[in-house]
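2 protein chains.
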Amino acid sequence: MGGDGGPAVTTSAAYAVRDHATVSLFGDRRAIQQAAVAAGIPSPDAGWASVVHSDLAVSADDGLRRILRQGAASSLGLALQQLRNDQVDAVISAGDTAAVMSLSRHLLGTLNGVARPAIAREFLGKQGPFWMADLGANVSCTADQLHAFGRQLVVAARMLSGIDAPRCALLNIGVEQGKGPELLRRTAQLLDADAETDFIGYVEPSELFENRADVVICEGFVGNIALKSIEGTASMARHMVRREIAQSSLLQRMVLGMLRPVVEGIRHGLDTDRYNGAQLLGLPGVVVKSHGSATSRAFEFALRRAIECVDQALPERLAAAAR
Amino acid sequence: MGGDGGPAVTTSAAYAVRDHATVSLFGDRRAIQQAAVAAGIPSPDAGWASVVHSDLAVSADDGLRRILRQGAASSLGLALQQLRNDQVDAVISAGDTAAVMSLSRHLLGTLNGVARPAIAREFLGKQGPFWMADLGANVSCTADQLHAFGRQLVVAARMLSGIDAPRCALLNIGVEQGKGPELLRRTAQLLDADAETDFIGYVEPSELFENRADVVICEGFVGNIALKSIEGTASMARHMVRREIAQSSLLQRMVLGMLRPVVEGIRHGLDTDRYNGAQLLGLPGVVVKSHGSATSRAFEFALRRAIECVDQALPERLAAAAR
Numbered sequence: 008m009g010g011d012g013g014p015a016v017t018t019s020a021a022y023a024v025r026d027h028a029t030v031s032l033f034g035d036r037r038a039i040q041q042a043a044v045a046a047g048i049p050s051p052d053a054g055w056a057s058v059v060h061s062d063l064a065v066s067a068d069d070g071l072r073r074i075l076r077q078g079a080a081s082s083l084g085l086a087l088q089q090l091r092n093d094q095v096d097a098v099i100s101a102g103d104t105a106a107v108m109s110l111s112r113h114l115l116g117t118l119n120g121v122a123r124p125a126i127a128r129e130f131l132g133k134q135g136p137f138w139m140a141d142l143g144a145n146v147s148c149t150a151d152q153l154h155a156f157g158r159q160l161v162v163a164a165r166m167l168s169g170i171d172a173p174r175c176a177l178l179n180i181g182v183e184q185g186k187g188p189e190l191l192r193r194t195a196q197l198l199d200a201d202a203e204t205d206f207i208g209y210v211e212p213s214e215l216f217e218n219r220a221d222v223v224i225c226e227g228f229v230g231n232i233a234l235k236s237i238e239g240t241a242s243m244a245r246h247m248v249r250r251e252i253a254q255s256s257l258l259q260r261m262v263l264g265m266l267r268p269v270v271e272g273i274r275h276g277l278d279t280d281r282y283n284g285a286q287l288l289g290l291p292g293v294v295v296k297s298h299g300s301a302t303s304r305a306f307e308f309a310l311r312r313a314i315e316c317v318d319q320a321l322p323e324r325l326a327a328a329a330r
Numbered sequence: 008m009g010g011d012g013g014p015a016v017t018t019s020a021a022y023a024v025r026d027h028a029t030v031s032l033f034g035d036r037r038a039i040q041q042a043a044v045a046a047g048i049p050s051p052d053a054g055w056a057s058v059v060h061s062d063l064a065v066s067a068d069d070g071l072r073r074i075l076r077q078g079a080a081s082s083l084g085l086a087l088q089q090l091r092n093d094q095v096d097a098v099i100s101a102g103d104t105a106a107v108m109s110l111s112r113h114l115l116g117t118l119n120g121v122a123r124p125a126i127a128r129e130f131l132g133k134q135g136p137f138w139m140a141d142l143g144a145n146v147s148c149t150a151d152q153l154h155a156f157g158r159q160l161v162v163a164a165r166m167l168s169g170i171d172a173p174r175c176a177l178l179n180i181g182v183e184q185g186k187g188p189e190l191l192r193r194t195a196q197l198l199d200a201d202a203e204t205d206f207i208g209y210v211e212p213s214e215l216f217e218n219r220a221d222v223v224i225c226e227g228f229v230g231n232i233a234l235k236s237i238e239g240t241a242s243m244a245r246h247m248v249r250r251e252i253a254q255s256s257l258l259q260r261m262v263l264g265m266l267r268p269v270v271e272g273i274r275h276g277l278d279t280d281r282y283n284g285a286q287l288l289g290l291p292g293v294v295v296k297s298h299g300s301a302t303s304r305a306f307e308f309a310l311r312r313a314i315e316c317v318d319q320a321l322p323e324r325l326a327a328a329a330r
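For the protein sequence lines, the chains are A and B, in the order given. If you're matching positions, the first sequence starts at 8 in the working numbering and goes up one per residue. If you're matching positions, the second sequence starts at 8 in the working numbering and goes up one per residue.
Here it is, written out as structure tokens:
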């Protein structure tokens with residue numbers, strides 16, 4: 008039910024992955040059926056998915072207290088409870104980040120040894136993928152918590168991106184040792200002393216896409232600022248490409264038509280859809296948060312990401328790393 | 008002498024604006040002359056610029072204490088002293104931000120009523136320009152200082168971008184009132200109470216390029232994270248466009264040749280050169296900081312920006328706003 012698109016987005020995306028997963032749809036049964044009709048796909052009643060009805064949806068406006076009190080009966084809450092009871096293997100939501108985060112933590116608890124869950128995501132850099140966390144689950148973290156995020160990120164990068172020995176860095180405004188707030192210096196000491204983590208020091212946001220590091224740890228407020236700055240700039244870049252094409256002459260546009268693969272390549276490269284789907288690290292189950300403004304195609308990537316996490320037994324491996 | 012390119016970049020850029028300003032070059036005389044020869048432009052001795060010799064250049068590695076003690080004799084220091092003595096109207100440097108900032112403050116002092124200078128810059132959004140500060144001059148600010156940055160940004164946006172009644176916002180990770188650190192909530196109260204500032208609330212970095220606000224205030228650490236995230240993502244976008252074109256077939260590239268205006272438009276749009284040149288607000292003179300990796304063309308934009316600041320009497324107007 009979550010996200011800007013609601014069931015219209017999530018239902019058709021779920022239909023697209025029906026051969027790769029057993030699909031359960033949590034939400035308003037009627038809205039789901041209408042979404043299927045509108046998308047021109049069979050009704051879930053035809054057997055491709057089961058529906059767990061709930062007409063209660065949590066939203067960002069509800070406030071944390073109300074979400075925790077009433078959220079268990081919501082579509083998200085019912086899904087998380089099935090995850091807790093091993094009835095499903097993963098929960099994917101396009102709902103509000105704070106709601107997904109707090110309700111997950113409330114209904115699932117955290118992994119042993121993990122004080123605070125973190126939001127992690129894979130990005131595509133110039134040389135390949137890299138990972139970042141925390142992207143906004145926590146607005147104040149301790150050095151110990153940031154250290155724990157790093158250990159979990161290393162597992163995620165190894166399992167989900169196939170990076171053998173992930174190089175780990177801390178996000179800061181400079182690479183010199185004395186730079187940035189005291190919290191980062193304390194975290195750097197912990198990471199330096201951790202023989203299992205290949206800590207390479209600080210990395211600046213301008214160097215992220217140069218793949219200086221495979222795994223980048225950030226305090227949640229700062230990580231959220233970086234994430235949203237990246238999203239805003241990528242959107243601006245897509246806007247500029249579109250505008251130039253729209254402003255070109257008819258003849259130029261005809262020629263551009265011949266170049267469809269090149270233009271599509273540029274669009275595709277600037278496209279964040281393919282990397283939609285943030286992992287909530289530190290929970291005893293797979294919870295993937297899709298971008299709220301995700302298209303059906305983007306939500307499908309979040310579903311595939313969740314399937315991959317289950318295939319790789321990510322929560323079990325994260326539990327081992329947290330100890 | 009500063010920046011990755013040194014005199015090779017700055018000398019030829021200065022030559023390009025010689026008809027719009029009286030140019031003084033501060034630095035190693037021999038290096039400047041060699042740079043002129045290499046660029047195929049006349050020597051400054053031919054009369055298009057005066058040279059103030061110094062073979063001492065400050066760098067980020069020097070440490071703040073050494074910069075303040077020895078910096079007055081450096082090329083940057085000599086330039087700033089001429090600015091203080093009204094011998095020049097503006098100083099433009101591609102040197103290290105911390106060095107430019109600290110030496111400017113040390114040699115020029117700050118405007119009456121301004122406790123801390125801020126780094127401000129104009130960005131191009133989807134609907135037009137917008138301004139941000141502080142982008143990294145300060146790693147911890149008070150609410151009063153952030154409020155003062157806002158008042159100065161409003162002047163800069165009005166004078167340099169022609170925005171009549173700039174809407175002012177605070178950079179945060181959400182738009183809801185309770186979001187983010189306490190510092191932002193205190194600053195929001197001050198801005199709300201300021202009848203001269205059209206404060207519209209919080210803005211998220213993902214919305215910056217949507218021009219929700221004309222002027223965006225941020226704490227220096229956070230602003231620097233946002234700035235560098237924007238720069239890194241813009242670089243990634245340019246990389247993708249280049250890669251798609253390089254990977255296209257010979258035929259496709261020939262066709263692309265016919266589309267030069269469109270392709271150049273895309274490149275140009277993703278280009279940060281045109282918006283090179285950050286203002287140091289709060290000083291009693293025009294100091295413009297170019298990006299360290301600026302090309303000659305980009306440095307020229309920083310020079311033109313400085314000329315514009317002088318034409319608009321920006322320091323005098325900022326002084327009036329600070330009171």
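By construction, the Cβ of each residue, glycine as well, lies at the ideal position given by its N, Cα and C atoms. Predicted model only: the values in this text are computed from it and were never measured.
Who pairs with Val-294/A in a beta bridge, going by DSSP? Val-98/A.
Secondary structure at Glu-323/A, three-state DSSP: helix, strand or coil? Of the three classes helix, strand and coil, the one that applies to Glu-323/A here is helix, per DSSP.
Could you please give me the residues that DSSP links to Gly-7/B through a beta bridge? Residue 7/B lies beyond the stretch modelled for chain B, which goes from 8 to 330, so this question has no answer here.
Of all Cβ atoms in chain A, is any one closer than 9 Å to the Cβ of Pro-322/B? So no, Pro-322/B is outside the interface.
Reduced DSSP category for Gly-284/A - H, G, I as helix; E, B as strand; rest coil: When DSSP states are grouped into helix, strand and coil, Gly-284/A belongs to the coil group.
Going by the beta-carbon positions, is the gap between Glu-226/A and Cys-175/A smaller than 9 Å? The answer is no: Cβ separation not under 9 Å.
Using 10 angstroms around the beta-carbon of Gln-159/B, count the other beta-carbons present and answer buried if the total reaches 16, otherwise exposed. Buried, because 16 or more other Cβ atoms sit within 10 Å of the Cβ of Gln-159/B.
On the DSSP letters alone, give me the boundaries of the beta strand (DSSP E) that Val-223/A sits inside. Segment 222 to 224, the beta strand (DSSP E) holding Val-223/A.
Suppose contacts are defined by Cβ-Cβ distances below 9 Å. Is Gln-134/B in contact with Asn-218/B by that definition? Taking 9 Å as the Cβ cut-off, Gln-134/B and Asn-218/B qualify as a contacting pair.
Just list the alpha helix (DSSP H) runs in the region 83 to 129 of chain A, keeping only unbroken ones of 4 residues or longer that don't cross its boundaries, in chain order. Taking only runs of at least 4 residues, the alpha helix (DSSP H) segments lying wholly in the region 83 to 129 of chain A are 104 to 115.
Entirely within the region 141 to 216 of chain B and at least 4 residues each: give me those alpha helix (DSSP H) ranges in chain order. Counting whole runs of 4 or more residues, the region 141 to 216 of chain B contains the alpha helix (DSSP H) stretches 150 to 168 and 189 to 200.
Here's a check: name, in chain order, each residue in its chain whose Cβ is nearer than 6 Å to the Cβ of Leu-63/B, leaving out the five neighbours to either side. Closer than 6 Å at the Cβ level, and outside the excluded window around Leu-63/B, lie Ala-80 and Ser-81.
Less than 8 Å between the CB atoms is what I'm expecting for Met-8/A and Leu-287/A, so what's the real figure, rounded? That pair is no contact at about 18 Å.
Taking Leu-87/B as the reference, give the member of Asp-35/B, Pro-14/B, Ala-45/B and Ser-31/B with the closest Cα. Nearest to Leu-87/B by alpha-carbon distance, out of Asp-35/B, Pro-14/B, Ala-45/B and Ser-31/B, is Ser-31/B.
Short of 7 Å Cβ to Cβ, which residues in the region 224 to 247 of chain A face chain B? Within the region 224 to 247 of chain A, the residues whose Cβ lies closer than 7 Å to some Cβ of chain B are Phe-228, Val-229, Asn-231, Ile-232, Ala-233, Lys-235, Ser-236, Ile-237, Glu-238, Gly-239, Thr-240, Ala-241, Ser-242, Met-243, Ala-244, His-246 and Met-247, listed in chain order.
So with CB distances below 9 Å, who are the chain B contacts of Phe-216/A? In chain order, Gly-239, Thr-240, Ser-242, Met-243 and His-246 make up the part of chain B whose C-beta sits under 9 Å from the C-beta of Phe-216/A.
Contact residues within the region 176 to 204 of chain B, judged by C-beta distance below 8 Å to chain A: Going along the region 176 to 204 of chain B in chain order, one finds Leu-178, Ile-180, Glu-183, Gly-187 and Pro-188 with a Cβ nearer than 8 Å to chain A.
Helix, strand or coil for Pro-51/A per DSSP? Here Pro-51/A sits in helix by DSSP.
Leaving out five residues before and five after Leu-190/B in sequence, what residues of the same chain have Cβ atoms less than 7 Å from its Cβ? Around Leu-190/B: Ala-150 and Glu-226.
Assumed close pair Asp-141/A, Ala-125/A - CB separation to whole angstroms, cut-off 8 Å: Asp-141/A to Ala-125/A, Cβ: 4 Å. Contact.
Would you kindly work out how many angstroms separate the C-alpha atoms of Ile-180/A and Ala-28/B, rounded to a whole number? About 35 Å.
Closest to Ala-15/A by CA distance: which of Asp-35/A, Ile-252/A and Ala-43/A is it? When the alpha-carbon of Ala-15/A is set against those of Asp-35/A, Ile-252/A and Ala-43/A, the nearest one is in Ala-43/A.
What distance in whole Å lies between the Cβ atoms of Cys-316/A and Ala-97/A, which are believed to be in contact at a cut-off of 8 Å? About 6 Å; that satisfies the 8 Å criterion.
Taking a contact to mean a Cβ-Cβ separation below 9 Å, would you say Leu-198/B touches Gly-157/B in this structure? Less than 9 Å divides the Cβ of Leu-198/B from the Cβ of Gly-157/B.
Under the DSSP definition of a beta bridge, which residues are partnered with Met-139/B? Beta-bridge pairing links Met-139/B to Arg-128/B and Val-223/B.
Taking the C-alpha atoms as reference points, what is the distance between Met-166/B and Gly-292/B? Their Cα atoms are separated by approximately 15 Å.
Measure the beta-carbon distance from Leu-325/B to Thr-117/B and round it to whole angstroms, keeping in mind my assumption that it falls under 8 Å. The beta carbons of Leu-325/B and Thr-117/B sit about 10 Å from each other, so the pair does not count as a contact at 8 Å.
Closest to Ala-67/A by CA distance: which of Ala-53/A, Ala-101/A and Ser-50/A is it? Per the Cα distances, Ala-101/A.
Just to make sure I have the definition right: I need the residues of chain A whose C-beta is within less than 7 Å of the C-beta of Pro-212/B. Which are they? By Cβ distance, chain A contributes Ile-232, Lys-235, Ser-236 and Gly-239.
Can you name the residues of chain B whose CB is closer than 9 Å to the CB of Val-146/A? Neighbours of Val-146/A on chain B, chain order: Ile-180, Lys-186, Gly-187 and Pro-188.
CA-CA distance, Ala-244/A and Ala-241/B? For Ala-244/A and Ala-241/B, the distance between alpha carbons rounds to 7 Å.
Does the beta carbon of Gly-208/B sit closer than 9 Å to a beta carbon anywhere in chain A? Interface with chain A (9 Å Cβ-Cβ cutoff): Gly-208/B is excluded.
Pick helix, strand or coil for Gly-9/B, following the three-state DSSP scheme. Under the three-state reduction of DSSP output, Gly-9/B falls in the coil class, being neither helix nor strand.
C-alpha gap between Ala-172/B and Gly-264/A, whole angstroms: So the two alpha carbons sit approximately 43 Å from each other.
Start and end of the alpha helix (DSSP H) containing Val-317/A? First-last of the alpha helix (DSSP H) with Val-317/A: 303 to 318.
Does DSSP classify Gly-299/A as helix, strand or coil? Three-state DSSP puts Gly-299/A in coil, outside helix and strand.
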